[in-house]
Each structure stands twice: as structure tokens, then as C-alpha cells.
Amino acid sequence: MNYIYLLINIAVIFFPMVLSFDKKVHFFSKWKFVLPAILLTGVVFLIWDLLFVKLNVWSFNPDYIVGIQFFGLPLEEILFFLTVPYACVFIYECLNAYFPKDSLQKYSFSLSNLFLGLCIAMLFLGYNRWYTVINFGFLFIVLAYVEYFNVKFRFMYKFYRAYLVSLIPFYIVNGFLTSIPVVIYNDKQNLGFRVGTIPFEDHFYLMGLLLMNIYLYEFFKSRATGKGIN
Numbered sequence: 001m002n003y004i005y006l007l008i009n010i011a012v013i014f015f016p017m018v019l020s021f022d023k024k025v026h027f028f029s030k031w032k033f034v035l036p037a038i039l040l041t042g043v044v045f046l047i048w049d050l051l052f053v054k055l056n057v058w059s060f061n062p063d064y065i066v067g068i069q070f071f072g073l074p075l076e077e078i079l080f081f082l083t084v085p086y087a088c089v090f091i092y093e094c095l096n097a098y099f100p101k102d103s104l105q106k107y108s109f110s111l112s113n114l115f116l117g118l119c120i121a122m123l124f125l126g127y128n129r130w131y132t133v134i135n136f137g138f139l140f141i142v143l144a145y146v147e148y149f150n151v152k153f154r155f156m157y158k159f160y161r162a163y164l165v166s167l168i169p170f171y172i173v174n175g176f177l178t179s180i181p182v183v184i185y186n187d188k189q190n191l192g193f194r195v196g197t198i199p200f201e202d203h204f205y206l207m208g209l210l211l212m213n214i215y216l217y218e219f220f221k222s223r224a225t226g227k228g229i230n
């Protein structure tokens, strides 16, 4: 039983890794952009994770982890920030390869503003709850930067499309993690509203994690090619 979280990590990355050599997507050729994006984002989220453990925002069920820890975090939790972003950026690139049209791009700015408004509302409602404040505060900063200060390339329609599709495996994976539970949430530090067993904030935790990864991925790719995003 103590291999459950490790097996979930392996399941998350197995098919994206195998399918990275698909001729149309050719994802393995983009690893030089994907890996630094994942590593840089991972550092931010691991610091965040450590803080949350210290603040008792969440904890890990010892019955479902192998027991190897680094800086107080289970090995599986560290792997989570490699496997999940890799799978999500893979989804992003697959959608771009198979559905290149972005006719709905013109609506993405309005959608971003709606999410920014939601962040402000959630910060107001959960001002005294660590998970709510840090989660929506982080998303607000990253989303505002990408939409209002990122003038060289636009990719938010493609991002939202990938985020929407990523919610499918998110519900499966996070459903397991929160129902077994592998990750135990302190509801005093979140809004207390759940979709099934998944805290409401987790949906936007995924959004912030995916957005930072994709922004950095596109940033490194544009620097290498000298082009923006079409």
C-alpha cells in the first residue's frame, strides 16, 4: 500500500512519455524547452509545498508513501512536480499539433479578466486561510503578468484549451489522492468547499502550475527560435 502515490506518479507520466515520440507532435524534440520550464516552476512550488507542510495546510498519509523524504517532503510529492507538468505540457502540445486553429483567441483576454476577478473575490472571501490566499494570490500575479505585461507572444487560448482537457486526468488523479486519502487537507486553511473529495482551490492550483510551466516553456522556445507564438 505504501507505493500508491509512487504508482500514481508513474501512471501520470507513462503514456505522455511513450507518446512523446509520436511523429506529428515530436514532443521529445522539445524537451530542451520543457525541462527547464518544469524545473524552475518546480522550485517555486516545492518552496510553496514546504511552507504549506509547516503551516499545516496539508500533510501526507504515511500509509501510502514509501517513506523517503527530502527537506521534509515525500519523494512522491517532489516527483509530482515533474510528472504532472510534463503530462500537461504534452497535452498542450498535442492539442496545438492536431488542432492548430485559434479562432477563439480573441475571447481569451476577457476570460482571463474573469479569472482575475475571481481571484480577487476568493482573496476577499478567504483572506484568513493560507491555501486560499497563497493559491489565488499566486494565480492573480502570474495571470496578470502574462496578460498585461507579456507583449511578445500570445498563447492564452491554447493554454485555456489545454487546461480544460487537463481537468479530465486531474479529476482522476486528484480524486485518488484526496479520496484514499494520500494528501490530507486541513479545511481550516481552505474554503471548505469540495468537488467530490477535491478542494475547490485545487482547480486553480493546477491552473497556476500549468500556466507558469507553459509560459516558461513558450518563453524558452521563443528565445531559441527568435519568433513569437503564432
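Under full-length UniProt numbering, the very last position in the sequence shown is 230; numbers go up by exactly one each time. We put the beta carbon where it would ideally sit given N, CA and C, even for glycine.
**Request:** Indicate whether TYR148 and PRO199 have their beta-carbon atoms separated by less than 9 Å.
**Result:** no
**Prompt:** Taking the alpha-carbon positions, what's the MET122 to VAL44 distance?
**Reply:** 22 Å
**Of the residues THR83, ASN186 and TYR171, the one placed nearest residue 231, counting alpha carbons only** = Given that the chain is displayed from residue 1 to residue 230, the structure contains no residue 231 and the question cannot be resolved.
**Asked** Does DSSP put VAL183 in a helix, in a strand, or in coil?
**Response** strand
**Between the CA atoms of PHE90 and ASN230 - distance to the nearest angstrom** = For ASN230, the predicted model reports a pLDDT of 45, less than 50, meaning its position is unreliable; a value from the coordinates is still stated below. Our two residues, ASN230 and PHE90, have alpha carbons roughly 18 Å apart in a direct line.
**Asked** Under a Cβ-count criterion, where at least 16 other Cβ atoms within 10 Å of its own Cβ denotes burial, should ILE168 be classed as buried or exposed?
**Response** exposed
**Item:** Limits of the unbroken beta strand (DSSP E) element including residue 240
**Value:** Look at the range of the chain in this structure, 1 to 230, and you will see that residue 240 is not part of it.
**Asked** Quick one: is LEU104 buried, meaning 16 or more other Cβ sit within 10 Å of its Cβ, or exposed?
**Response** The residue is exposed, with fewer than 16 neighbouring Cβ atoms inside 10 Å.
**Request:** Would you kindly check if the distance between the Cβ of TYR163 and the Cβ of LEU118 is under 9 Å?
**Result:** no
**Request:** Tell me whether ASN230 sits in a helix, a strand or coil according to DSSP, three-state version.
**Result:** Low confidence applies here, because ASN230 scores a pLDDT of 45, under 50, leaving its location unreliable; read the following figure in that light. Coil.
**Request:** Out of ASN56, PHE159 and ILE65, state which residue places its alpha-carbon closest to the alpha-carbon of TYR215.
**Result:** PHE159
**Rounded C-alpha distance that separates ASP49 from LEU206** = 13 Å
**Request:** Can you give me the start and stop residues for the alpha helix (DSSP H) that ASP222 sits inside?
**Result:** Note that residue 222 is Ser in the sequence shown here, rather than Asp. Its alpha helix (DSSP H) spans residues 200-225.
**Item:** 9 Å Cβ cutoff met for ASN9 and LEU79
**Value:** Cβ atoms of ASN9 and LEU79: closer than 9 Å.
**Message:** Just to confirm the assignment, what range does the beta strand (DSSP E) spanning SER110 have?
**Reply:** In the DSSP annotation of this structure, SER110 is not part of any beta strand (DSSP E); the continuous alpha helix (DSSP H) holding it starts and ends at 108-125.
**Prompt:** Are ALA97 and VAL34 close, meaning C-beta to C-beta below 9 Å?
**Reply:** no
**Item:** DSSP state of PRO100 mapped onto helix, strand, coil
**Value:** In the structure shown, PRO100 sits in coil (DSSP, three-state: anything other than H, G, I, E or B).
**Request:** Count the other C-beta atoms from every protein chain shown that fall within 10 angstroms of the C-beta of GLU218, then say buried if there are 16 or more, exposed otherwise.
**Result:** buried
**Message:** I need the straight-line Cα distance from VAL195 to PHE71, nearest angstrom please.
**Reply:** 31 Å
**Ranges of the beta strand (DSSP E) found wholly within the segment 47-105, counting only runs of at least 3** = 58-60
**Closest residue to LEU143 among ALA224, LEU116 and PHE124 (Cα-Cα distance)** = Checking every option, the nearest Cα to that of LEU143 belongs to LEU116.
**Item:** Pairwise C-alpha distance: TYR185 and GLY126
**Value:** 16 Å
**Request:** Can you have a look at SER179 and say buried or exposed, based on whether 16 or more other CB atoms are within 10 angstroms of its CB?
**Result:** exposed
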